[in-house]
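Respectively, the protein sequence lines represent chains A and B.
Okay, so the first sequence: first residue is 6 according to my numbering, each after it adds one.
Okay, so the second sequence: first residue is 2 according to my numbering, each after it adds one.
Cβ coordinates follow ideal geometry from the N, Cα and C atoms, glycine included.
Keep in mind it's a predicted model, so treat the numbers as computed, not measured.
Everything on this sheet refers to the single structure shown next.
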Amino acid sequence: MIEALLQTLLNGAATGGVYALVALGYTLVFSVLGVINFALGALFSLGGYLTYLLMGGAISANGALPGWGLPLALPFPLALLLAAALTGLASLVVESVAFAPLRRRNAEPLLYLITSLGAGLALVNLLQMLMGAEGYAFPAGALAGLPAAVVVGGARIRSVQVLLLAVCAAAVLALTLWLEHSRSGRALRAVAEDATTARLLGINSDAMLRLAFLVSGGLAGLGGGLIGVSISLPGPYVGIGYGLKGLAVLVLGGLGSVPGAIAGGLLMGLAEALVPAEASGWRDALAFAILFAVLLLRPNGLLGRRLVEKV
Amino acid sequence: MIDNGLLVQMLIGALLGVSVYLPLAAGQLSLATPAFYAVGGTLAALLSTRVPALGAGTDGSLQLASFLLELLLGGLLAGGLALLVGRLVLRLQGIYLAIATIALVEIVRVAILNLPFTGGAIGIFGIPQPFPTAAGYLMPALGLLALAGWVCQRLEVMPLGRAMAAVRNDELAAGCMGIDTTRVKLTAFVLSAVLAGSTGALAAHFLNTWNARQGSFDTAVTMLAFVILGGSRSWLGPVVGGLLLTALPELLRPVGDGRLVLFALVILLGPVLFPQGLITPALLERLGRLGERAVASDQGPSGEGKP
Numbered sequence: 006m007i008e009a010l011l012q013t014l015l016n017g018a019a020t021g022g023v024y025a026l027v028a029l030g031y032t033l034v035f036s037v038l039g040v041i042n043f044a045l046g047a048l049f050s051l052g053g054y055l056t057y058l059l060m061g062g063a064i065s066a067n068g069a070l071p072g073w074g075l076p077l078a079l080p081f082p083l084a085l086l087l088a089a090a091l092t093g094l095a096s097l098v099v100e101s102v103a104f105a106p107l108r109r110r111n112a113e114p115l116l117y118l119i120t121s122l123g124a125g126l127a128l129v130n131l132l133q134m135l136m137g138a139e140g141y142a143f144p145a146g147a148l149a150g151l152p153a154a155v156v157v158g159g160a161r162i163r164s165v166q167v168l169l170l171a172v173c174a175a176a177v178l179a180l181t182l183w184l185e186h187s188r189s190g191r192a193l194r195a196v197a198e199d200a201t202t203a204r205l206l207g208i209n210s211d212a213m214l215r216l217a218f219l220v221s222g223g224l225a226g227l228g229g230g231l232i233g234v235s236i237s238l239p240g241p242y243v244g245i246g247y248g249l250k251g252l253a254v255l256v257l258g259g260l261g262s263v264p265g266a267i268a269g270g271l272l273m274g275l276a277e278a279l280v281p282a283e284a285s286g287w288r289d290a291l292a293f294a295i296l297f298a299v300l301l302l303r304p305n306g307l308l309g310r311r312l313v314e315k316v
Numbered sequence: 002m003i004d005n006g007l008l009v010q011m012l013i014g015a016l017l018g019v020s021v022y023l024p025l026a027a028g029q030l031s032l033a034t035p036a037f038y039a040v041g042g043t044l045a046a047l048l049s050t051r052v053p054a055l056g057a058g059t060d061g062s063l064q065l066a067s068f069l070l071e072l073l074l075g076g077l078l079a080g081g082l083a084l085l086v087g088r089l090v091l092r093l094q095g096i097y098l099a100i101a102t103i104a105l106v107e108i109v110r111v112a113i114l115n116l117p118f119t120g121g122a123i124g125i126f127g128i129p130q131p132f133p134t135a136a137g138y139l140m141p142a143l144g145l146l147a148l149a150g151w152v153c154q155r156l157e158v159m160p161l162g163r164a165m166a167a168v169r170n171d172e173l174a175a176g177c178m179g180i181d182t183t184r185v186k187l188t189a190f191v192l193s194a195v196l197a198g199s200t201g202a203l204a205a206h207f208l209n210t211w212n213a214r215q216g217s218f219d220t221a222v223t224m225l226a227f228v229i230l231g232g233s234r235s236w237l238g239p240v241v242g243g244l245l246l247t248a249l250p251e252l253l254r255p256v257g258d259g260r261l262v263l264f265a266l267v268i269l270l271g272p273v274l275f276p277q278g279l280i281t282p283a284l285l286e287r288l289g290r291l292g293e294r295a296v297a298s299d300q301g302p303s304g305e306g307k308p
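If you want it as structure tokens, here you go:
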């Protein structure tokens with residue numbers, strides 16, 4: 006009983022950690038640019054597929070190059086980090102095609118919604134073209150050396166979930182430390198606070214924006230790789246679902262709030278894990294039902310700042 | 002290359018574009034259209050396969066009257082749902098409203114997937130057809146579009162439409178002028194839902210099967226793209242955008258596997274190349290002047306094509 010509950014809570018926290026990564030990805034870009042990067046879900050998928058390929062996985066029969074694989078097989082931690090970095094670079098490409106042209110002419114925020122969604126759709130369909138639509142399981146022995154279960158306080162729990170939670174916690178901690186204490190992190194927060202003043206103080210706000218996209222894409226890519234290894238990649242659309250959940254978490258925590266995104270992610274993951282198995286079909290609706298309720302009770306999110314329109 | 006079936010799909014695209022346009026005309030970015038489309042389609046699919054009085058006759062065909070009744074009921078159910086939900090969500094603004102409506106779309110999708118009577122992942126199939134060929138659907142689809150266009154055209158001179166434009170330009174100022182902004186926004190939201198519900202009922206018969214995938218986040222995106230690419234300043238914009246963007250994936254079929262990537266690139270580059278959409282205010286003004294010169298008969302879209 007205790008064992009089952011502990012496992013459930015851990016599963017919830019691990020999934021919640023991934024939601025928090027996605028929500029933090031949105032938060033970084035939102036706090037600097039004031040718009041939501043809807044391509045983040047597609048970047049999540051990209052991270053998963055890149056991790057798979059870097060570990061030496063081969064393309065399936067329905068892909069563009071059936072049977073082809075990279076001539077290297079990196080161990081999981083290395084593949085995950087490299088995939089996250091590459092996804093960050095892809096996020097920079099998204100910025101330059103979907104955001105930069107609009108930013109240059111001060112377009113209305115609605116247009117960013119369409120262009121970023123268009124970029125995301127293009128990426129997902131590109132993945133589908135190259136890798137095929139079917140699911141991928143990670144190569145056997147992806148986590149060789151890691152015992153299948155660990156014993157905590159007399160309860161056996163799946164170690165891959167512990168790994169997931171640990172990586173998410175480490176990423177969140179590193180991000181927080183970077184934002185709070187490093188020169189570039191503080192510059193980023195200055196731009197988020199007031200871009201014009203930051204520019205007057207000699208901060209290159211365009212470079213900070215690109216940095217936000219880079220880190221944001223990296224977080225999404227990390228999430229994709231983690232979900233790929235712990236569950237599998239059910240298809241190129243995998244990231245769209247996590248992207249939507251991340252959006253729910255983002256609003257739950259309050260747009261632009263880093264602690265809100267972390268707390269919201271954990272809360273959402275735990276709430277989903279506690280849905281009984283008989284009602285598991287409804288689990289996907291829970292996040293949005295919670296979001297709906299929160300929006301109606303607290304329109305600025307749980308930890309969001311109150312925005313008052315000035316006239 | 003464009004056959005009757007594709008033409009009906011294009012008209013459905015245009016109808017959904019107008020449905021997204023209506024709340025936007027009152028300044029509200031709502032992505033709820035796929036939810037109402039799914040609700041209308043599910044109702045029509047259920048009624049015509051489960052209710053003998055409304056279902057297919059012995060020869061497998063459907064009475065035209067039952068078909069029209071289902072269009073009406075689909076619209077009414079969606080409108081009723083919008084009235085309930087709208088009161089809650091329309092308090093939200095900007096991106097919060099957009100996200101809340103995405104949440105609504107997901108809740109409706111999961112509900113249709115899990116309710117005991119909607120057929121699960123497979124959905125409802127064998128929905129009876131009122132017409133033997135796709136060409137038969139052209140008239141009701143055109144009729145619905147003509148009706149929607151007529152309403153939008155009337156709105157431009159009616160107090161409600163003026164109030165919608167005022168709310169879009171400045172909600173606070175509109176409120177100060179004595180406009181009941183909540184009521185105006187809610188009316189636009191309900192009109193949009195009624196149109197989406199009826200369109201869903203039509204599409205369910207036309208497609209012959211109906212499942213939860215019909216109203217998803219992806220479709221919300223595509224529908225918004227109809228409006229943005231067509232132009233969001235007049236109802237003609239979403240009509241043009243809906244017709245073109247629904248036809249595009251089919252016309253790109255010779256390209257092969259890459260067609261969906263190309264389609265996504267069109268959505269990506271559209272706002273960059275045409276920030277005001279294809280039907281720009283300048284173009285409308287020129288059309289208006291042409292219309293004044295030929296005063297004869299310029300009342301809305303071509304012909305009252307009601308069946």
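Using a Cβ-Cβ cut-off of 7 Å (strictly less than) and excluding sequence neighbours within five positions of residue i, which residues of its own chain qualify?
i        : result
Leu216/A : Ser189, Leu193
Leu225/B : Val21, Leu32
Arg108/A : none
Trp211/B : Gly42, Thr43, Ala46, Gly124, Ile125, Ile128, Ala205
Val155/A : Ile162, Ser164, Val167
Ala147/A : Met60, Phe81, Val234
Asp299/B : For Asp299/B, the predicted model reports a pLDDT of 47, less than 50, meaning its position is unreliable; a value from the coordinates is still stated below. Once the five neighbours on either side are set aside, the close Cβ partners of Asp299/B are Gly292.
Cutting at 6 Å between CB atoms, please list the residues of its own chain near residue i, excluding the five before and the five after it.
i        : result
Pro241/A : Ser50, Val129, Leu132, Gln133
Gly137/A : Ser65, Asn67, Gly68
Lys307/B : Reliability fails at Lys307/B, whose pLDDT of 39 lies under 50, so the model's placement of it is uncertain and the value that follows must be treated cautiously. The residues are Gly144.
Ala194/B : Phe37, Ala79, Gly80, Ala83
Gly301/B : Per-residue confidence for Gly301/B stands at a pLDDT of 47, beneath the threshold of 50, marking its modelled position as unreliable; no derived number is given.
What did DSSP end up calling residue i once you bin it into helix, strand or coil?
i        : result
Gly190/A : helix
Gln277/B : coil
Trp236/B : coil
Ile7/A   : helix
Trp73/A  : coil
Ala63/A  : strand
Leu1/B   : Nothing about residue 1/B can be read from this structure; chain B reaches only from 2 to 308.
Ala175/B : helix
Thr119/B : coil
Phe43/A  : coil
Arg204/A : helix
Met165/B : helix
Gly146/A : coil
Gly261/A : coil
Asp219/B : helix
Per DSSP, which residues does residue i bridge with? Please list them.
i        : result
Arg161/A : Val156/A
Leu238/A : Tyr141/A
Trp211/B : Ile125/B
Excluding five sequence neighbours on each side, which residues of the same chain lie with their C-beta closer than 8 Å to the C-beta of residue i?
i        : result
Arg191/A : Leu184, Glu185
Leu275/A : Leu14, Gly17, Ala18, Gly21
Ala200/A : Val37, Ser210
Ala94/A  : This sequence places Leu at residue 94/A; Ala is not what is there. Excluding positions up to five away in sequence, the list reads Leu219, Gly222.
Arg234/B : Gln277, Gly278, Ile280, Thr281, Pro282, Leu285
Thr134/B : Asn5
Can you tell me the Cβ-Cβ gap for residue i and residue j, rounded? I've got them flagged as a contact below 8 Å.
i        : j        : result
Ala225/A : Gly52/A  : 6 Å
Thr102/B : Ala33/B  : 4 Å
Ala28/A  : Ser121/A : Incorrect: roughly 16 Å between the Cβ atoms, too far for contact.
Leu17/B  : Gly243/B : 6 Å
Tyr138/B : Val9/B   : 5 Å
Thr220/B : Pro35/B  : 5 Å
Leu105/B : Gln29/B  : Contact doesn't hold; Cβ gap of about 13 Å is too wide.
Ile13/B  : Ala142/B : 6 Å
Item to check | chain B contacts from the stretch 243-271 of chain A (Cβ-Cβ distance under 7 Å) | outcome: Of all residues in the stretch 243-271 of chain A, Ile245, Leu249, Leu252, Ala253, Val256 have a Cβ within less than 7 Å of some Cβ in chain B.
Checklist entry - Residues in the stretch 120-133 of chain A with C-beta within 9 Å of chain B's C-beta atoms, listed in sequence order? => result Going along the stretch 120-133 of chain A in chain order, one finds Thr120, Ser121, Leu122, Gly123, Ala124, Gly125, Leu126, Ala127, Leu128, Val129, Asn130, Leu131, Gln133 with a Cβ nearer than 9 Å to chain B.
Checklist entry - When Cβ atoms are compared, which residues of the stretch 275-305 of chain A fall closer than 7 Å to chain B? => result Look at the stretch 275-305 of chain A: the residues with a C-beta under 7 Å from a C-beta of chain B are Gly286, Trp287, Asp289, Ala290, Phe293, Ala294, Leu296, Phe297, Leu300, Leu301, Pro304.
Next on the checklist: Under 7 Å, CB to CB, which of the residues in the stretch 31-63 of chain A have a partner in chain B?
Outcome noted: The stretch 31-63 of chain A vs chain B, Cβ under 7 Å: Ile41.
Checklist entry - the stretch 11-33 of chain A: which residues have C-beta closer than 7 Å to a C-beta of chain B, in chain order? => result So nothing in the stretch comes that close.
Checklist entry - What residues in the stretch 89-102 of chain A have a beta carbon less than 7 Å from any beta carbon of chain B? => result Residues of the stretch 89-102 of chain A with a C-beta atom less than 7 Å from some C-beta of chain B are Val102, listed in chain order.
Checklist entry - Quick one, which residues of the stretch 219-238 of chain B are near chain A if we go by CB-CB under 7 Å, in chain order? => result Result list: Val222, Leu225, Ala226, Ile229.
Next on the checklist: To be precise: take each residue of the stretch 103-115 of chain A, compare its Cβ to all Cβ atoms of chain B, and keep it if any distance is under 9 Å. Which residues remain?
Outcome noted: Under the 9 Å Cβ criterion, the stretch 103-115 of chain A contributes Ala103, Pro106, Leu107, Arg110, Ala112, Glu113, Pro114, Leu115.
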